[in-house]
Amino acid sequence: MSEKTIAGYSVKCNDQGFMEDLNQWNKEIALALAKEESIELTEKHWEVLSYLQEQCKNETAITIRKVGKSGIVTIKEFYQLFPKAPLKTASKIAGTPKPVSCI
Amino acid sequence: MKKKLVILGAGTAGTIMANQLNKKLKAEEWEITIIDKEQKHYYQPGFLFLPFDRYTPEQVVKKIDKFIPKNIQLLNEDVQQIVADENKVLLVNGKEINYDLLIIATGSHIAPQEIQGMEGTEWYKSIFDFYTFDGALNLRNKMRTWEGGKLVIHICEMPIKCPVAPLEFAFLADEFFRKKNMREKVEITYVTPMSGAFTKPVAAKELEYLLESKQIKIVSDFNIEKVDTEKSQIVDYGERTVDYDLLVTVPTNMGDEVILRSGIGDDLNFVPTDKNTLQSKVKENIFVIGDATDIPASKAGAVAHFEAEIVVDNIMRFIEGKAVSPDFDGHSNCFIETGNGKALLIDFNYEQEPVKGTFPIPGIGPLQLLKESRINHWGKLAFRWIYWNILIKGIPIPFVPSKMKTEGKQINKK
């Protein structure tokens, strides 16, 4: 774990750049993180991000299937918003933990 | 009149429950019923070894009633629905069974129909699972005569039962084809929806060498949309493709359909459950154990075994009118076969990721955590005996308590 400065804020991040405390997240940080991923955040992006944060607060594991059934985007649209590895990228920008398995 | 406790499912978790509660609950006060439509009890960790001809089918199956105490009523019936509001279970045959307490242990199963093209004409021809007895046996027959090509080992989506099993399959496949002197004819690719084969920092650092030394290629962040059987390709939502000649997939895992019919599950039919008390979020007189829960612990027999003690304690508290206790820490423990007569062992919980150390006796072992050793492999093989003779009978395993021990682990304090 390390402290990283993002958009002028000092935030706790793991080695892979995922935020460790959702309470430190704000929209300026999200914009900066999105820029690192070459993503320009639209209204739809923000909706997905807040959905992920809600799930995280409810301690529900985030999966592609859940996002696809969220009513916000289909899985295809999720890929268009956050190309290549949408769940990982969106989680990073949303300040939620990286989805992990047991090892 | 006696009170009634009903257990749905006589797999690993349900059978442990039946054995433990039979000892705990007074026979003059409680009547216990366990319901399962199956006749057979499978040692599921053995499914990993069947395709490689290392276990025989007889070693992994016994009759389901062999492990249920005689004074417990075992109903070999299919359950239609749980009516939580009325404290009753409806059977497919039309019978109704009332309960005071219900334990859901209906497990999880593969659902290949969730992925377009998977369960079509190529199912059990060039596409196989090894999470079922039939799948593992059909795959064994295929592997006996397969002449090589692109072997793709694939996970559809999380969560899955025994998340390390596909990785073990890849390691064992490497050894299998080496021993058959045809390793150079087989290209092994491991395809996962996760960010890599290892997702936890310490494990990733300690174990990445395994993939490289065994020449296993990784395709990560791959979320399958469909199988294109014409082109022998799996296709992801981002339109990436991976070619296969032999696809060994772990299909979507889902909870039992009775959960769906009862309207009490999530989108994968897993039952919302408190991750520490194991009481359901459906109703307070329903507890859930094993793969049937939606808790963020691994779906594995060892987890069901650790959960059992907490479920029994909380059921006793509930019966006595006391508050249930948040004692389950997410403890999981499993051997990971790495091939060539070696295995790893990992021991972890909700908070603690797998790290190096000694197990089960801190500082002594004899088993090594997160490190390949021969003795770990012997441990894995011995586990089949432990399973049939100790674990499902609900007998505690010496030196291995339900709560994870931090002693004996190399934990970096944050």
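Taken in order, these protein sequences are the chains called A and B. Residue 41 in our numbering sits at position 41 of the first sequence, and the numbers go up by one each step. Residue 283 in our numbering sits at position 283 of the second sequence, and the numbers go up by one each step. For each residue, glycine too, the CB sits at the ideal point set by N, CA and C. As the structure is a computational prediction, the values presented were derived from the model and not from experiment.
- Taking 7 Å as the upper bound on Cβ-Cβ separation, chain B lies near residues Thr63, Ile64, Arg65, Lys66, Lys69, Ile75, Lys76, Tyr79, Pro83, Lys84, Ala85 and Lys88 of the segment 62-93 of chain A.
- In this structure the segment 99-117 of chain B lies against the segment 4-14 of chain B, because at least three pairs of beta carbons, one per stretch, are closer than 8 Å.
- Contact check for B/Thr189 against B/Ile224 fails: the beta carbons are separated by 9 Å or more.
- Within 7 Å of the CB of B/Tyr237, the CB atoms of chain A belong to Ile75, Lys76 and Tyr79, in sequence order along the chain.
- B/Asp228 carries a strand assignment under DSSP once its states are collapsed to helix, strand and coil.
- In the structure shown, B/Pro57 adopts helical secondary structure according to DSSP, grouped into three states.
- Note on geometry: alpha-carbon atoms of B/Glu58 and B/Phe348 lie some 32 Å from one another.
- Residue B/Thr33 holds the alpha-carbon nearest to the alpha-carbon of B/Asn76 among B/Thr33, B/Lys405, B/Val83 and B/Asp221.
- For B/Ala304 and B/Ala13, the gap between their C-alpha atoms comes out near 5 Å.
- Proximity to B/Lys150 across B/Pro398, B/Ile72 and B/Phe177 peaks at B/Phe177, based on C-alpha coordinates.
- Cβ contact annotation for B/Val324 (same chain, cutoff 7 Å, sequence separation greater than five): Thr277, Gln279, Asn314, Arg317 and Phe318, in chain order.
- Each of B/Ser220, B/Lys185 and B/Val186 was checked against the Cα of B/Phe198, and the nearest Cα belongs to B/Ser220.
- Of the residues assessed, A/Asp21 falls on the exposed side of the cut-off, its CB having fewer than 16 other CB atoms within 10 angstroms.
- Counting only residues of its own chain and dropping the five nearest sequence neighbours on each side, B/Leu207 has a CB closer than 7 Å to the CB of Phe198.
- Distance from B/Asn285 to B/Phe335 at the Cβ level is roughly 36 Å; contact not present, criterion being Cβ atoms closer than 8 Å.
- In this model, A/Val11 and A/Arg65 are separated by some 30 Å (Cα to Cα).
- Rounded to the nearest angstrom, the gap between the Cα atoms of B/Thr229 and B/Gly255 is 27 Å.
- Remark: C-beta atoms of B/Lys283 and B/Thr273 do not approach each other more closely than 9 Å.
- The beta carbon of B/Pro163 sits closer than 7 Å to those of Ser298, all from its chain and outside the five residues before and after it, given in chain order.
- By the rule that beta-carbons nearer than 9 Å mark a contact, B/Glu225 touches chain A.
- In terms of CA proximity to A/Glu43, A/Leu81 leads the group A/Asn14, A/Lys98 and A/Leu81.
- Contact check between the segment 41-51 of chain B and the segment 120-132 of chain B: three or more CB pairs, one atom from each, fall below 8 Å, which counts as touching.
- Not flagged as an interface residue toward chain B: A/Glu47, since no C-beta distance is shorter than 9 Å.
- B/Ala165 is positioned such that its CB atom lies no closer than 9 Å to that of B/Glu353.
- Selection B/Lys322, B/Tyr387 and B/Gly120 evaluated against B/Gln44 yields B/Tyr387 as nearest (Cα-Cα).
- Inclusion of B/Thr338 and B/Leu210 in the CB contact set at 9 Å is warranted, their separation being smaller than that value.
- B/Asn389 and B/Lys62 have their alpha carbons spaced roughly 12 Å apart.
- B/Pro396: not part of any beta strand (DSSP E); DSSP gives it neither H nor E.
- For B/Gly255, the uninterrupted beta strand (DSSP E) segment begins and ends at Asn253 to Gly255.
- A/Lys92 counts as buried, since no fewer than 16 other beta carbons sit within 10 angstroms of its beta carbon.
- For B/Ser332, there is no enclosing alpha helix (DSSP H); the residue is found in the beta strand (DSSP E) stretching over Ser332 to Gly339.
- Contact holds between the segment 84-100 of chain A and the segment 22-39 of chain A, because three or more Cβ pairs, one in each stretch, are under 8 Å apart.
- By the beta-carbon neighbour count (other beta carbons within 10 angstroms, threshold 16), A/Tyr9 is exposed.
- Bounds of the alpha helix (DSSP H) holding B/Asp174 are Ala165 to Lys179.
- Interface flag for A/Ile103 against chain B is set, since a Cβ pair is found closer than 9 Å.
- The segment 12-66 of chain B contains, as complete beta strand (DSSP E) runs of 3+ residues, the segments 30-35, 40-42 and 61-63 (chain order).
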